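Take the sequence shown: its position 26, counting from 1, is numbered 505 in the numbering used here, and each next residue is one higher.
Glycine included, each C-beta is placed from N, C-alpha and C at the ideal position.
Please read all numbers here as calculations on a predicted model, not as lab measurements.
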Amino acid sequence: AGLLRADAVLAVVAVTDADDQSAQPVQFYVNQLLNIKGSQRASQFSFNAVAPYLPSAPSGCSYDGSGGAPRILQAVTATAGVKEEICTPDWSKALEQIGKNAFGYRTNFFLNSTPDLTAGKAIVVRIDGLQLDPVDVRGAQVWTYDSTNNSVNFEPLFVPEPGKTLTITY
Numbered sequence: 480a481g482l483l484r485a486d487a488v489l490a491v492v493a494v495t496d497a498d499d500q501s502a503q504p505v506q507f508y509v510n511q512l513l514n515i516k517g518s519q520r521a522s523q524f525s526f527n528a529v530a531p532y533l534p535s536a537p538s539g540c541s542y543d544g545s546g547g548a549p550r551i552l553q554a555v556t557a558t559a560g561v562k563e564e565i566c567t568p569d570w571s572k573a574l575e576q577i578g579k580n581a582f583g584y585r586t587n588f589f590l591n592s593t594p595d596l597t598a599g600k601a602i603v604v605r606i607d608g609l610q611l612d613p614v615d616v617r618g619a620q621v622w623t624y625d626s627t628n629n630s631v632n633f634e635p636l637f638v639p640e641p642g643k644t645l646t647i648t649y
C-alpha cells in the first residue's frame, strides 16, 4: 500500500540469458502485472527485456538454452515494451532504448481531481510559468485533455523538457 502512485508509470526491465521458463501461459503473468496499474491505466505499464532473441548465440557469447525467447518476446509485444539482444556489442545503445521507453519522457500527466469545465472554465497549462496554449501559432496540436483518463496529454514534439516545471490548473 502506498508503494505505487496512481500517476506513476510501472516499467519492468528483465535482463536474462534464457527465455522465461514459468509454468503458466505468458498472458497470465502479463495480466497480473497489468492489474497492478488497472485496466484504465494499462498504457502506464510496460515489460522490457534484454534477452536472447537471436536463433542462436553469436560468436563470443552464449545463451542458457536456445535462442529466440518467444515467451519474453510475447510479454514485450503485449505491453509495447522494448526488446534488446543480450549479446549486443553496444550495451549503451541497448540500455538507452530501454531507458527511453521505461523511464523516458512522459506524454500523459494525470490530474488529481476532475476539472469543472462548465460555464467557460478551462484547463490552463504552464511550463516554467509561461502559459502553453493547446494549439501553437502554426495550428499544431500541443496538448489535449483526455476526460476518460483524466489527463493532459502532450504531443511528442511538445513534451516538457527535463528540468522544466509543469503546472496544470483547473
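Look up Phe-633 in the DSSP assignment and give the residues it is bridged to. The sequence position of residue 633 within the sequence shown is 154, counting from 1. Note: Phe-633 sits in a beta bridge opposite Trp-622.
I need the DSSP call for Arg-484, collapsed to helix, strand or coil. Here residue 484 corresponds to residue number 5 of the sequence shown, with the count starting at 1. Note: Arg-484 maps to coil in three-state DSSP.
From the DSSP output, in three-state form, read off Asn-587 for me. Translated into the one-based positions of the sequence shown, residue 587 becomes position 108. Looking at Asn-587 - three-state DSSP - the assignment turns out to be strand.
Residue range of the unbroken beta strand (DSSP E) whose run includes Ala-559: Here residue 559 refers to the residue found at position 80 of the sequence shown. Per DSSP, Ala-559 belongs to no beta strand (DSSP E) and is neither H nor E.
According to the Cβ coordinates, are Ala-678 and Thr-495 closer than 8 Å? Past the boundaries of the shown model lies residue 678; the chain is included only from 480 to 649, so the question cannot be answered.
I'd like the list of long-range same chain contacts for Thr-586, defined as Cβ closer than 7 Å, with 5 residues on each side in sequence excluded. Working through the sequence shown from its first residue, we reach residue 586 at position 107. If we look at Thr-586 and ignore the five residues flanking it on each side, its Cβ neighbours are Asn-632, Phe-633, Pro-635 and Val-638.
According to DSSP, simplified to helix, strand and coil, what is Gln-506? Along the sequence shown, one-based indexing puts residue 506 at 27. Gln-506: helix per DSSP, three-state reduction.
CB-CB under 7 Å to Leu-513, same chain, minus the five flanking residues each way: which ones, in chain order? Here residue 513 refers to the residue found at position 34 of the sequence shown. So the qualifying residues of the chain are Ala-521 and Phe-524.
Measuring CB to CB, does Ile-577 end up less than 8 Å from Val-488? For the purposes of this step, residue 577 is taken as the residue at position 98 of the sequence shown. For the purposes of this step, residue 488 is taken as the residue at position 9 of the sequence shown. For Ile-577 and Val-488, no; Cβs fall outside 8 Å.
Which one of Gly-608, Asn-629 and Val-614 has the shortest CA to CA distance from Leu-645? Translated into the one-based positions of the sequence shown, residue 645 becomes position 166. Of Gly-608, Asn-629 and Val-614, the residue nearest in Cα terms is Gly-608.
How far does the alpha helix (DSSP H) with Ser-571 in it reach, from first residue to last? Here residue 571 refers to the residue found at position 92 when the sequence shown is read from its first residue. Its alpha helix (DSSP H) spans residues 570 to 582.
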